[in-house]
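S.K.: In the numbering used here, the protein residues as written are 1 to 530. Glycine included, each C-beta is placed from N, C-alpha and C at the ideal position.
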């Protein structure tokens, strides 16, 4: 089975982080929706499901992008598009009818529909394919046109064994035709239902490894899916597109600000469903579901959770954290103890390492010392992930990596999709400190995410143990003014007010509270926000 929907027709979506939703339709039938308020009682899947619906603000955004007169409208009325003088010529081949015979419709989305088709000539002659048909009448804004252009560019750029294969894009006066591999295997959702609602841990691991592998690949390229759910995974292969279905939408998406972490939340929802057969957040209405996503906590007390492994529970909990900063990345999830011993798990490069190393190198000596002690408390599994990332960067014979290693690592994995995303910005930022070198020990200190460690049940032990080490090696009496200088605080910050509980009155050394805050890193802006 493979993501994209896992093996049947389907299509992958994807967007760059911080870009708005894509206009391309879902290849499959829309997803579930069902019932409760702030609680999330155990519910087993039943058919039929009412159709899903994205958050109202998402629908409103789509309406605005596609030319609806009222920005507040929750849906895009048929036939209400106002054609302006827009250039809808994409430069694609006009020979679709000559090359393909369109068959039955297999799915419909917000902005078009998908059909099966048969190739009449060329290298695919006689082969069945899937064709996304996007009416140009729906493209009533320049943004909508650019979205289609970008979607095709992403499809053309990304290649992965678990992603649907893109063949070609065509157009005529009325439509754009996106020709892709037709997968035949049945949706993951159907497989869950056929099993009575849940998978064994081993079978769930097999599904998760494939979903995480393709997600890690997309995230490395700067591509965010935004709507991962069982319906878009076809057994035995691939990925698809629609904007945020209620059960799988991350809390930050409802707050209108999100990145790759939103996909990890959705994967957590899928993992929860695979392992116990129920949804983690449930309500009778869509607004109730959104309230549950924002306010309620998923239950891990009801059967079968007590009988599942502690690693399985921890894996899901670390994805379903409402604070997006505390969630695992896709690469980290592949290194989680629950999946670590699964055969053939290939760990891809993780862009979070670039962000963290950049922040570390720009930190004060005091914070670097604190992070160094925290690194000494990491578990074997956490160190294994960091070792994988360090190895991917290609250290020299002396065991050091330079900033050139970071640049080379990205170039080695680069596609056209990455070039259009913000991924290369991180490389350019790191390039400014080209002469810095790190051995593995310092790399561990640099690549730690304090927020992610905070999301673990063992965070208190990590922090206390690190502080004990810091007391022995790095803690010393420090004046508030010196601490403010170490932190790079501006003169406008009232340091004696905001830093007074950072220092112990007994000996003038950094307190435990100050140590933990130092680990997170602070700036003048931090205190201005406070």
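(1) Give me, in chain order, the residues of the same chain whose beta-carbon lies closer than 8 Å to that of residue 473; leave out the 5 immediate sequence neighbours on both sides.
(2) Compare the C-alpha of residue 91 against each of 327, 310, 179, 172 and name the closest.
(3) Residue 276 to residue 320, Cα distance in whole Å?
(4) What's the C-alpha gap between residue 148 and residue 409?
(5) Give a yes or no on whether the C-beta atoms belonging to residue 417 and residue 158 are separated by under 9 Å.
(6) Looking at residue 518 and residue 489, is the spacing between their C-beta atoms short of 9 Å?
(7) Name the one or two DSSP bridge partners that residue 180 has.
(8) For a test of the three-state rule: what should DSSP assign to residue 400, helix, strand or coil?
(9) Taking the runs of the alpha helix (DSSP H) that are 4 residues or longer, which of them lie wholly in the region 92 to 121?
(10) Compare the beta carbon distance of residue 449 and residue 367 with 9 Å and say whether it is the shorter of the two.
(11) Return the chain-ordered list of same chain residues with a C-beta closer than 6 Å to the C-beta of residue 293, the five sequence neighbours on each side being excluded.
(12) What is the DSSP secondary structure of residue 510, reduced to helix, strand or coil?
(13) Terminal residues of the continuous alpha helix (DSSP H) containing residue 334?
(14) Please classify residue 382 as buried or exposed, where buried requires at least 16 other C-beta atoms within 10 Å of its C-beta.
(15) Any chance the region 446 to 460 sits against the region 253 to 265, with 3 or more Cβ pairs inside 8 Å?
(16) May I ask you to list the residues that DSSP assigns as paired with residue 439?
(17) With distances taken from CA atoms, which of 222, 278, 179 is nearest residue 248?
(18) Quick one: what does DSSP say residue 379 is sitting in, helix, strand or coil?
(19) Please state if the CB of residue 209 and the CB of residue 334 are separated by a distance shorter than 9 Å.
(20) State the start and end residues of the unbroken alpha helix (DSSP H) segment that holds residue 141.
(21) Mind checking who residue 503 pairs with in its DSSP beta bridge?
(22) Which residue marks the beginning of the alpha helix (DSSP H) containing residue 216, and which one marks its end?
(23) If you reduce the DSSP assignment to three classes, tell me which class residue 175 lands in.
(24) Take residue 300 and list the residues in its own chain whose beta-carbon comes closer than 6 Å to its own, dropping the five residues that flank it on each side.
(25) Tell me which residues share the same chain as residue 94 and place their Cβ nearer than 8 Å to its Cβ, disregarding the 5 neighbours each side in the sequence.
(26) Is it the case that the Cβ atoms of residue 144 and residue 111 are separated by a distance below 9 Å?
(27) Report all residues from its chain with a CB closer than 6 Å to the CB of residue 411; omit the five preceding and five following residues, and keep chain order.
(28) Where do the ends of the alpha helix (DSSP H) carrying residue 315 lie?
(29) With residue 586 as the anchor, note down where its alpha helix (DSSP H) starts and where it stops.
(30) Tell whether a beta-carbon distance below 9 Å holds between residue 207 and residue 270.
(31) From residue 162 to residue 311, what does the alpha carbon distance come to, in whole angstroms?
(32) Taking the CB atoms as reference points, tell me whether residue 484 and residue 495 lie closer together than 9 Å.
(33) Is it buried or exposed, residue 58, if we count other Cβ atoms within 10 angstroms and call 16 or more buried?
(34) How about residue 130 and residue 168: are their beta carbons less than 9 Å apart?
(35) At what residues does the alpha helix (DSSP H) containing residue 480 begin and finish?
M.R.: Quick answer:
(1) Excluding sequence neighbours, residue 473 sits near 369, 373.
(2) Comparing Cα positions, the closest option is 172.
(3) Our two residues, residue 276 and residue 320, have alpha carbons roughly 15 Å apart in a direct line.
(4) Using only the alpha carbons, I get a separation of about 30 Å.
(5) With respect to the 9 Å criterion, residue 417 and residue 158 are classified as neighbours on the basis of their beta carbons.
(6) In this structure, residue 518 does not lie closer than 9 Å to residue 489 by Cβ.
(7) Beta-bridge partners assigned by DSSP to residue 180: 130, 166.
(8) In the three-state scheme derived from DSSP, where H, G and I count as helix and E and B as strand, residue 400 is classed as strand.
(9) Inside the region 92 to 121, DSSP marks whole alpha helix (DSSP H) runs of 4 or more residues at positions 96 to 99, from first to last along the chain.
(10) It is not a contact, given that the beta carbons lie outside the stated cut-off.
(11) Closer than 6 Å at Cβ, skipping near neighbours: 251, 281.
(12) Here residue 510 sits in strand by DSSP.
(13) Bounds of the alpha helix (DSSP H) holding residue 334 are 330 to 334.
(14) By the neighbour-count rule (16 or more Cβ atoms within 10 Å), residue 382 is buried.
(15) Because the criterion of three Cβ pairs below 8 Å is not met, the region 446 to 460 and the region 253 to 265 do not touch.
(16) Beta-bridge pairing links residue 439 to 400.
(17) It is 278.
(18) Shown here, residue 379 sits in coil according to DSSP, grouped into three states, outside any helix or strand.
(19) If you check the CB distance, residue 334 and residue 209 come in under 9 Å.
(20) Here residue 141 belongs to no alpha helix (DSSP H), and DSSP marks it neither H nor E.
(21) Partner(s): 510.
(22) For residue 216, the enclosing alpha helix (DSSP H) starts and ends at 201 to 220.
(23) In the structure shown, residue 175 sits in a strand (DSSP, three-state: E or B).
(24) The answer, listed in chain order, is 313.
(25) Apart from the 5 residues on each side of it in sequence, residue 94 sits with its Cβ closer than 8 Å to the Cβ of 170, 171, 172 in its chain, given in chain order.
(26) Inclusion of residue 144 and residue 111 in the CB contact set at 9 Å is warranted, their separation being smaller than that value.
(27) Excluding positions up to five away in sequence, the list is empty.
(28) Here the alpha helix (DSSP H) through residue 315 covers 310 to 319.
(29) Absent from the model: residue 586. The displayed extent of the chain is 1 to 530, so no value can be given.
(30) The Cβ-Cβ distance between residue 207 and residue 270 falls below 9 Å.
(31) Straight through space, the alpha carbons of residue 311 and residue 162 are spaced by roughly 25 Å.
(32) A contact, by the Cβ cut-off of 9 Å.
(33) With a pLDDT of 49 at residue 58, under the threshold of 50, the modelled position of this residue cannot be trusted; read the value that follows with caution. So residue 58 counts as buried.
(34) In this structure, residue 130 keeps its C-beta atom at 9 Å or more from the C-beta atom of residue 168.
(35) 480 to 487 is the extent of the alpha helix (DSSP H) around residue 480.
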